[in-house]
Structures are given as structure tokens and as C-alpha cells.
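Undergrad: Heads up, the sequence shown is in full-length UniProt numbering, so the first residue is 1 and it goes up one at a time. C-beta atoms are modelled at their ideal positions from N, C-alpha and C, and glycine is treated no differently. None of these values were measured; they are calculated from a predicted model.
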Amino acid sequence: MSQKIAILILHGAGTPETNFADKLVKRIKETFARKLPKQNAEAELIFQPVYWSQIFAPEQEKLWELLRNYRDLDFARLRKFVIEFLADAVAYQPTKQGGQNYDKVHALVAKSIQQLRERAGKKAPLCVISHSLGTVIASNYFYDLQYKNRYIGQETKECIGIEPIEQCQTLTLFYTLGSPMALWSLRYIEFGSPLVVPSPTLKNYYPNLQGEWLNFYDKDDVLAFPLKAINEAYNQAVTKDVAVNAGGLITSWNPLSHLKYDTDQEVIQPIVDGLIRTWKHVNKQVNIPFS
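(1) Just the Cα atoms here: how many angstroms apart are A57 and D88?
(2) Is the region 163-176 close to the region 191-210, with three or more CB pairs under 8 Å?
(3) Within 10 angstroms of the Cβ of Y147, are there 16 or more other Cβ atoms? Answer buried if so, exposed if not.
(4) Rounded C-beta distance between E166 and R119? I'm assuming under 8 Å.
(5) What did DSSP end up calling V282 once you bin it into helix, strand or coil?
(6) Which first and last residues belong to the beta strand (DSSP E) in which D144 is found?
(7) Do you know offhand how far N254's Cα is from T15's?
(8) To the nearest angstrom, report how far apart T135 and D221 are at their CA atoms.
(9) On the three-state DSSP scale, how would you describe Y217?
(10) Could you spell out the range, first to last residue, of the beta strand (DSSP E) harbouring K240?
(11) Determine the burial state of N283: buried for a count of at least 16 other Cβ atoms within 10 Å of its Cβ, exposed for fewer.
(12) Which value, in whole angstroms, describes the spacing of the CA atoms of E155 and V105?
(13) Please state if the CB of I129 and the CB of I9 are separated by a distance shorter than 8 Å.
(14) Once DSSP output is grouped into helix, strand and coil, what is the label at Q93?
(15) Quick check: residue 336 and G161, are their CB atoms within less than 8 Å of each other?
(16) With DSSP run on the structure shown, which of helix, strand or coil describes V50?
(17) Determine the extent of the alpha helix (DSSP H) in which A237 is found, giving its start and end residues.
(18) Can you tell me which of E42, C168, Q210 puts its alpha carbon nearest to the alpha carbon of T278?
(19) Skipping 5 residues on each side, what residues in its chain have a beta carbon closer than 6 Å to that of A110?
(20) Q169: buried (16+ other C-beta within 10 angstroms of its C-beta) or exposed?
(21) Just curious, the alpha helix (DSSP H) that I55 is in, first and last residue?
(22) Specify, as a first and last residue, the run of the beta strand (DSSP E) that L171 falls within.
(23) What residue range does the alpha helix (DSSP H) around I113 cover?
(24) Can the beta-carbon of L177 be found closer than 8 Å to that of H131?
(25) Using the Cα positions of E42 and K23, report the straight-line distance between them to the nearest angstrom.
(26) Using alpha carbons as the reference points, say which of N245, L214, N149, A243 lies closest to N235.
(27) Is the CB-CB distance between Y217 and A243 below 8 Å?
(28) Which residues in the same chain have their Cβ closer than 7 Å to the Cβ of P270, if we skip the five residues on either side of it in sequence?
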């Protein structure tokens, strides 16, 4: 029996539809199946989207109704977009009070990894694909596991299991799309330090397996930045900053490109290459004609 790859997907800021990951999953599956000469190859990939904005959505809607009913505001649609898009970033920030959103969001991530463990196995190589603010959430979650256990909230602790995949020990591939992480680095002295990809403990389960952290950005996306230039620690941690031209005729040349990474083949192809490489390494004994 083959070892499947576990794939965690985190959306960006704002309140997307619950099926936000469908297009990305479809494109990855199709490309993976074309490149891996194995029957039903797409079944080797186990996906788990994390719909984390559900935690903030009710309060955001309540705030919007309060403000809208209090005064007749101009640019109503734009204002609602700003509330949905930027309020997530504000609401997510850790506080000293208990029951904070930081803990609630991370607990949801932990529960999602539990589901991956159940479906892909406790030692499954873990791939994380995140977009926009989701890249910050993913980075914080795994960084806390690797270095800052004291930052892990009680609710999150109760959701983190003891198996390797749940302890971040099999983190192999980390893909950030349209990441504003460079802005978040302003919170820390010398712009902080990143998580380590692959996990330092990965070699205990898959010796010589090569992981990677690819950061995709579009120069027209005002919310996305290269990461290797932040400091030497990020330069060492990030495998490559990948410049892409996300979107189509209407969106590829302007800030709307921020919303189009998940449909761009310049993004999909390198991700699939990493998945193919990882799958082949951990399934060396599977008898198929590798290309």
C-alpha cells in the first residue's frame, strides 16, 4: 500500500465561499494525475481545507450592520469589503486575554490536521498551501510548534495529537501564495525568524527527503512580497521567491491578481512538482514505471 500525501489548504483574508479550495484542488489533482503514471493517481493526495474565517464572520457581519444602520455611509460595498478583508487581520492578532481568536483559529488548524492524520496516516508527509493572511496563520501555527510552545493556547493544545503529522514532524512542503508575511515581520526585533521547512525531524521518518518553501508573488499584487530579503534567517529558510503573473486579461496586471494565484498554472506546476517528488521518494517500493 502506498503512502499518501497530506495537503492542508488555508484561504486568505476575507470571507470566501465554503468551497474556496475546489478550483485549486481540481487543478492540482489533474496535473498530478498527468505526471504520475499510476492508476487513480489523484487518490494519492489527501486534501483538507481550513475555513478559518468562519470564526470571525458572525462578528464582522454584526459590526457591519451596526455601522451601516448608524449612518448612511458612502461606498457601502467597498466598506464591507474592507471590513471582511482587513478585520480578519486585526481579529487574528494574539491578546493577553483568554479565549482569543489566535487560539481559536489555531485550534481549527489542529483539528484539520487530525482529519488528515485519519485519512492519510500518522506519518504522512505534510504539504501546506496557504494564501494571503492564511500564510501568516500557517507560519505562526507551525512556528509555535517548532519553537514557541508557550504561545500555544489551551484550546489548540487540546486539539493537537501525539502523532508525527500532528506534531509538525513530517512538515515537508510549504507553499505561500500572495503572502503579506513581510509586513507581519515588523512586529519583531530584526524582523523576526521563520519556521523551518522541512521540519528538522522529517529525517527520522524519511531520510534524504528534500522539502521546500516556495513563496509565490505577483509584482502587481500590492499585498504580496518576496520573503528572502527580509533578513538572513528568511533567506536561508525560503527555498525560492517565485515571481508569477497571476490572473487573466482583466486581473493579471493590477492588484486583483491577489485573488488569482489558485488558478494560475505558474503556481500549480511547481506545487505539483514538489508533490510528485515527495510521493516518489516515500513510495520507492511501489511498483510503477516512474517517468
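TA: Well, looking at it:
(1) Answer to the nearest angstrom: the Cα atoms are 9 Å apart.
(2) As far as the Cβ criterion goes, the region 163-176 touches the region 191-210, which means the pair count is three or higher.
(3) Label assigned to Y147: exposed.
(4) That pair is no contact at about 13 Å.
(5) Helix at V282.
(6) For D144, there is no enclosing beta strand (DSSP E); the enclosing alpha helix (DSSP H) has its first and last residue at 133-146.
(7) Residue confidence is low: N254 scores 40 on pLDDT, short of 50, so the model does not pin down where it sits. Its coordinate-derived value is still stated next. Rounded to whole angstroms, N254 to T15 spans 21 Å at the Cα level.
(8) Between T135 and D221, the C-alpha separation is close to 15 Å.
(9) Note: Y217 maps to strand in three-state DSSP.
(10) First-last of the beta strand (DSSP E) with K240: 240-243.
(11) Counting C-beta atoms within 10 angstroms of its own C-beta, N283 has 16 or more neighbours from the protein chains shown and is therefore classed as buried.
(12) Approximately 10 Å between the Cα atoms of the pair.
(13) A contact, by the Cβ cut-off of 8 Å.
(14) Looking at Q93 - three-state DSSP - the assignment turns out to be coil, as it is neither helix nor strand.
(15) Outside the shown range of the chain, which is 1 to 291, sits residue 336, and nothing can be said about it.
(16) In the structure shown, V50 sits in a strand (DSSP, three-state: E or B).
(17) Annotation for A237: the continuous alpha helix (DSSP H) segment containing it runs 232-237.
(18) Ranking the options by Cα distance to T278, first place goes to Q210.
(19) Excluding sequence positions up to five before and after A110, its CB lies within less than 6 Å of the CB of T156, C159, I160, all in the same chain and listed in chain order.
(20) Buried.
(21) Premise fails: I55 is in no alpha helix (DSSP H) and is neither H nor E.
(22) Note, L171: beta strand (DSSP E), 171-177.
(23) Unbroken alpha helix (DSSP H) run through I113: 101-120.
(24) Contact check for L177 against H131 passes: the beta carbons are separated by less than 8 Å.
(25) Spanning the two alpha carbons is a distance of roughly 14 Å.
(26) Ranking the options by Cα distance to N235, first place goes to L214.
(27) Contact: yes.
(28) Cβ neighbours of P270 beyond the five flanking positions: L214, V242.
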